[in-house]
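Mature numbering (1 follows the signal peptide of the UniProt record, and there is no 0) puts the sequence shown at residues -24 to -1, 1 to 106. All residues carry an ideal CB built from backbone N, CA and C; glycine is no exception. Structure record follows, encoded as structure tokens.
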Amino acid sequence: MNMRRVFAIGMATALSAAASPALAAPSSEPETRSCIEMRSIRDSRYSDAGYFVSSGGQWWQNKAGQCPLFSPDRSARIVTTQSRQCRGDRVDVFQNFSGIEFGTCVLTTWERVNEDDVPPANPARKKDGR
């Protein structure tokens, strides 16, 4: 095989790979969004890993700057002027039963996650309080 032919085959391979990004290796970056429409949210959960919502048949995570206030036994009130929960919106974290406020965090970018990465729903409390 002569050098011109080897060069031509190599160039054709490189050009075809560059021209078809669908054939390239999948990106390891998660799909992201700036906002989630509130009317599309079907479920929400809190854990030490952040705030999770089910929207459009997919789960999304917002780490809210790794908010240390999130916990499965707490709730959050999103303070927004829109009908969406967006990056930059304030989150007031409180305990449902007592109403005690724990503080405020700020939403960051929403990242799509697999259902396996979503914490379980908050289990019902036992009647004896434990």
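Under DSSP, F70 forms a beta bridge with S51, E77. In the displayed model, S31 falls within a strand according to three-state DSSP.
Around the CB of N38, 16 or more other CB atoms lie within 10 Å, so the residue is classed as buried. In the DSSP assignment, R60 falls within the beta strand (DSSP E) that extends over 60 to 62. If you check the CB distance, I12 and R60 come in under 8 Å.
Closest by C-alpha distance to R9, out of N90, T84, E91, D93, is T84.
DSSP places D19 in the uninterrupted beta strand (DSSP E) bounded by 17 to 23.
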